[in-house]
Amino acid sequence: MNSLICMTTLLASANDVTFDLADYDSGNGIPPVKVGIQELEKVNSTTVGVWEVHPGVLVGVPDTEEVFIVISGDATITSAGDAEPIVVGPGSVIRLKVGQETRWDVRETVRKFWVHA
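Following this line, the structure appears as structure tokens:
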């Protein structure tokens with residue numbers, strides 16, 4: 015087994031990933047949104063994949079460190095305790111910390127390429 019992950023190759027294939035979409039329920043009376051996730055590679059404690067969320071509102075708390083690049087879409091991410099929300103679109107690179115609650119206001123379906131470590 016190779017202990018290296020070629021991110022370039024995986025990122026190039028991210029647009030070709032298809033999903034079995036499921037409803038994600040954030041709770042607190044927020045209507046569910048359609049979400050898809052596909053793991054592409056796992057080496058030791060590092061996992062790489064693609065995630066997609068359709069328009070609506072999603073609130074979540076990551077259970078791992080995450081860095082991601084937005085491939086397509088348009089959203090605003092607000093993190094609990096941060097003063098300024100971040101508008102993300104193609105090319106945005108974001109880091110999420112373990113336990114960092116985020117609210118996604120998705121205007122156009124977002125697809126991201128993520129790395130969990």
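Sequential numbering of the sequence shown, starting at 15, is according to my numbering.
Idealized CB from N, CA, C, for every residue including glycine.
Please read these numbers as outputs of a predicted model, since none were measured by experiment.
I85 is positioned such that its CB atom lies closer than 7 Å to that of R125. For the pair V31 and V81, the CB atoms are not nearer than the 7 Å cut-off.
For T60, the CB contacts under 6 Å within the same chain, skipping 5 residues up- and downstream, are A131 in chain order.
In the same chain as A28, and ignoring 5 residues on each side of it, the C-beta atoms closer than 6 Å to its own belong to V64, I85, F127, in chain order. Sorting C20, V47, G74 by C-alpha distance to the C-alpha of V57 places C20 at the top. Here the alpha carbons of A89 and V102 stand approximately 5 Å from one another. Ranked by Cα distance from V75, the first of L25, L24, V47, W118 is W118. Shown here, A28 sits in a helix according to DSSP, grouped into three states.
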